[in-house]
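Here's the structure we're looking at; comments come further down.
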Amino acid sequence: TGRTHQIRVQASSRGHAVLGDSQYGAMSEFGPQGDLRDRAIALHARELGFCHPMRDEQVVVTAPLPPAWDALGLGLTE
């Protein structure tokens with residue numbers, strides 16, 4: 029569905045295309061460039077939070093940056 033592309037479309041329309049996303053405007057390559065299905069884009073949610081619908085508790089899920097991103101030299105930190 030188009031929902032999976034929405035954040036990429038919005039970022040690109042504001043002049044901030046996602047690195048590695050050739051479909052919506054970022055022409056720079058990112059990650060492995062073999063099979064089209066394996067091509068990466070630099071889009072990562074470090075932390076997501078929501079209220080649990082049954083327990084009424086805040087749930088926070090944290091994900092570290094992928095190790096390969098260190099090689100890009102972008103200065104991203106945890």
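Quick note on the numbering used here: the sequence shown kicks off at 29 and runs consecutively.
Glycine residues also receive a C-beta, built at the ideal position from the N, C-alpha and C atoms.
Identify the residues that DSSP records as bridge partners of residue i: which are they?
i, result
"Gln86", "Cys79"
Of the choices the options, whose alpha-carbon is the least far from that of residue i?
i, options, result
"Glu75", "Gln86, Thr90, Met82", "Thr90"
"Leu47", "Leu71, Gln34, Val87", "Leu71"
Could you tell me if residue i is buried or exposed, where buried requires 16 or more neighbouring beta carbons within 10 angstroms of its beta carbon?
i, result
"Asp49", "buried"
"Ala45", "buried"
"Arg65", "Only weak support exists for where Arg65 lies, its pLDDT of 49 falling under 50; the value from the coordinates is given anyway. It is exposed - the Cβ of Arg65 has fewer than 16 other Cβ atoms within 10 Å."
Starting from residue i, follow the alpha helix (DSSP H) in both directions and report where the run begins and ends.
i, result
"Arg36", "34-41"
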